[in-house]
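Residue numbers (our numbering): 19 to 92. Even for Gly, the Cβ is constructed at its ideal location relative to N, Cα and C.
What follows is the structure, encoded as structure tokens:
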């Protein structure tokens with residue numbers, strides 16, 4: 019079953035937060051500077067990620083979002 023993807027761009031905090039499915043309690047693992055992987059606290063499954071300082075300082079261009087849902091049968 020396909021999961022919904024929730025994408026949140028915070029202009030004030032300059033962060034991009036992405037959740038695979040509904041947001042829930044998570045353990046965060048820093049993988050590189052300014053990038054976190056969010057894992058389910060019980061299963062360890064990756065449930066999202068967060069990127070800090072997405073845009074250069076002082077620059078916040080218009081954001082366009084294109085969402086496509088693809089389904090395939092296996």
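Straight-line gap, residue 66 to residue 77 (C-alpha atoms, nearest Å):
25 angstroms
Just to confirm the assignment, what range does the beta strand (DSSP E) spanning residue 57 have?
Taken as a continuous stretch (DSSP letters only), the beta strand (DSSP E) holding residue 57 covers 53-58.
Give me the Cα-Cα distance between residue 36 and residue 30, rounded to the nearest whole angstrom.
Going by C-alpha positions, residue 36 is about 17 angstroms away from residue 30.
Straight-line CA distance for residue 73 to residue 32?
Near 7 angstroms, if we compare the C-alpha coordinates of residue 32 and residue 73.
In terms of alpha-carbon separation, which member of 22, 47 and 75 lies closest to residue 38?
22
Considering residue 69, what are the terminal residues of the beta strand (DSSP E) in which it resides?
64-70
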